[in-house]
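Letter by letter, the sequence shown follows residues 0 to 136 in numbering that gives the first Met the number 0. Even glycine gets a Cβ: it sits at the ideal position worked out from N, Cα and C. As structure tokens, the structure follows; a few thoughts come after it.
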Amino acid sequence: MGVGVDGSMPNEWSDMQVMEDSTATTKKPQPSSGVEGGIKRKSKIYAIDQNIRECICLMTDSVTEVANAIKSSITSPKKNKNMYTELMFELTNISIFSEEEVDTIYDNLSKNPTLMPSFLLKPIYSKARWMRKEIGN
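This is the structure in structure tokens:
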């Protein structure tokens with residue numbers, strides 16, 4: 000049993016009505032109209048089912064939040080191109096390294112783009128020290 004990519008629930012849960020609270024962020028499932036028996040056992044089962052449904056709705060909300068965070072962290076191709084251009088500019092401005100060493104560092108950083116922003120923000124002496132360590136490896 001799973002939740003669809005769009006946040007929909009499987010058919011087994013189709014008899015469930017979802018009602019949003021005043022914050023419009025937490026969804027609380029409500030049973031569809033039907034006759035509830037006065038038997039304690041049914042009440043207990045209903046309470047457990049209700050808790051399970053609430054947990055599923057909270058998990059769905061959490062997964063949606065994570066998916067949205069991932070989507071927002073993906074950079075645009077234009078921004079990527081600018082970052083690679085800036086990287087090459089910064090590497091070639093550190094004159095103590097040969098073209099071959101600059102190419103090696105550029106290739107290494109390009110393979111791991113998560114390192115590029117932190118490298119670009121370093122002062123020039125920190126960049127040179129980091130490059131020396133990379134070339135030594």
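Here's the rule I'm using: 16 or more other beta-carbon atoms within 10 Å means buried, otherwise exposed. How should residue i be labelled?
i    : result
I104 : buried
C56  : buried
Excluding five sequence neighbours on each side, which residues of the same chain lie with their C-beta closer than 7 Å to the C-beta of residue i?
i    : result
K115 : Sequence check: residue 115 is Met here, not Lys. Within the same chain, M115 has close Cβ partners M82, L86, L108.
F96  : M130
L119 : E85, L86, E89
I123 : I93
In the DSSP assignment, find the unbroken alpha helix (DSSP H) run with residue i in it and report its ends.
i    : result
T103 : 98 to 110
I95  : Unbroken run through I95: none, as it is neither H nor E.
P116 : 115 to 120
I'd like to check one pair, residue j with residue i: are the Cβ atoms closer than 8 Å?
i    : j    : result
T113 : V101 : no
Whole-angstrom Cβ separation of residue i and residue j, contact assumed at under 8 Å?
i    : j   : result
A127 : I93 : 5 Å
Quick one: residues in its chain with C-beta nearer than 8 Å to the C-beta of residue i, no 5 flanking neighbours on either side, listed in chain order?
i    : result
S125 : none
N79  : P112
Kindly indicate if chain E contains any beta-carbon less than 8 Å away from that of residue i.
i    : result
M115 : Looking at the structure shown, chain E is missing, and only one protein chain is on hand.
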